[in-house]
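*Asks:* Numbering (my numbering), first residue to last: -3 to 289.
Cβ coordinates follow ideal geometry from the N, Cα and C atoms, glycine included.
Below is the structure I would like to discuss, written out as structure tokens.
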Ligand code: NAD
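Rendered as structure tokens:
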């Protein structure tokens, strides 16, 4: 029998692409429940699903920030059984910390971290009873390494990593497996939404130096990063081979200093050579390790 796969955040980006690829599996191994917060945005998914719609793919409403929505969604799944859960829904937040509201930060954790926790708690009893299941978590390379001006987003992804790594140990006893996916930059609506947020935000209480570093160093570097090594959601739905995380530097130097200093140098001292640096990362070559101090 096909495995029931529940995916959150399928109105766009990686979630949409993954849902469509699984629904089009030529061996029809999956029955995909592609969920989204706002069903008014289901047009793109339905168009991409084509003939799979109503066959191997169904669309359902699910807000990962709402217990009621999660319960309602699961009650609509035949037998309530989810074989594979993909925690994909997520939001970003960039900017100088002093200029961001606590409410915005809490929203990031409510969605990225507690949203995943909420879903896992809901499907876990069934998986444990059946002694079978797979939980996939779309984390980020920022779940492995901190990135300047992304403190809260990175923290939410670090939280996911710690949570699921801990849970994975217990779940082996139940034959339930966890996969953490850590994409680098992916060209989806995600970056567009962030840039929109940044262009309208005023970042009150932020000193001019910090604003200068954010606007004149970070933002151009970030755009360049997406332009030069950004993957497509189609790539990510299959594999994540193009981006070798700077996190490797953490393994080389467990004190963490090498990673922090290299990131600092990349952004503030090597902006002129940014293209070169990023291409290095893209081909997996950590040449930055021998860059001068
Ligand atoms: P995206 O904005 O296209 O997709 C995110 C989806 O999550 C959207 O469909 C959005 O509506 C949904 N969502 C947000 N809040 C929700 C809620 N409360 N309930 C249900 N759905 C909600 O961007 P994407 O790049 O496809 O992001 C998917 C995942 O990949 C996210 O977890 C993101 O953190 C992660 N990721 C993205 C990148 C990138 O560069 N785009 C890199 C690494 C990881």
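#1: At which residue ranges does the stretch 34 to 61 contain complete alpha helix (DSSP H) runs of 4 or more residues, listed in the order of the chain?
#2: Rank 24, 37, 20 by C-alpha distance to the C-alpha of residue 58 and give the top, closest one.
#3: List, from N- to C-terminal side, the beta strand (DSSP E) runs of 3 residues or more that fit wholly inside the stretch 135 to 184.
#4: Distance, Cα to Cα, residue 123 vs residue 81?
#5: Determine the closest residue to residue 117 out of 6, 167, 230, with distance taken between C-alpha atoms.
#6: Over what stretch of residues does the alpha helix (DSSP H) that includes residue 247 continue unbroken?
#7: With 16 as the cutoff for other CB atoms within 10 Å, does residue 99 come out buried or exposed?
#8: Could you check whether the stretch 151 to 162 touches the stretch 106 to 115, counting it as contact only if at least three pairs of C-beta atoms, one from each stretch, sit closer than 8 Å?
#9: Give me the residue from 114, 184, 88 with the minimum Cα distance to residue 67.
#10: One question on the structure: do residue 17 and residue -2 come within less than 8 Å of each other, judged by their Cβ atoms?
#11: Look at residue 41 and residue 14 and say whether their C-beta atoms are less than 8 Å apart.
#12: Provide the residue span of the alpha helix (DSSP H) that contains residue 120, from first to last.
#13: Short of 8 Å in beta carbon distance, which residues of its chain neighbour residue 194, apart from the five on each side in sequence? Order them along the chain.
#14: Beta-carbon separation of residue 95 and residue 201 under 8 Å?
*Replies:* Here's the rundown:
#1: 39 to 45
#2: Here residue 58 is taken as the residue at index 62 of the chain shown, counted from 1. Answer by Cα proximity: 37.
#3: 172 to 177
#4: Here the question's residue 123 lines up with position 127 in the chain shown. Here the question's residue 81 lines up with position 85 in the chain shown. Straight-line Cα distance between these residues: approximately 10 Å.
#5: As a first step, residue 117 must be located in the chain shown, where it is residue number 121. Selected option, being the one with the closest Cα: 167.
#6: Translated into the one-based positions of the chain shown, residue 247 becomes position 251. Unbroken alpha helix (DSSP H) run through residue 247: 244 to 248.
#7: Taking the first residue of the chain shown as 1, we reach residue 99 at position 103. The residue is exposed, with fewer than 16 neighbouring Cβ atoms inside 10 Å.
#8: yes
#9: As a working note, residue 67 is residue 71 in the chain shown. Cα-wise, what sits closest to residue 67 is 114.
#10: Residue 17 sits at position 21 when you count from the first residue of the chain shown. Residue -2 sits at position 2 when you count from the first residue of the chain shown. Not closer than 8 Å, so no.
#11: Within the chain shown, residue 41 is the residue found at index 45, counting from 1. Within the chain shown, residue 14 is the residue found at index 18, counting from 1. No.
#12: As a position in the chain shown, residue 120 is number 124, starting the count at 1. Looking at the DSSP string, the run of the alpha helix (DSSP H) that includes residue 120 is 110 to 126.
#13: Walking along the chain shown from the start, residue 194 turns up at place 198. 90, 91, 215.
#14: For this step, residue 95 is matched to residue 99 along the chain shown. For this step, residue 201 is matched to residue 205 along the chain shown. Contact: yes.
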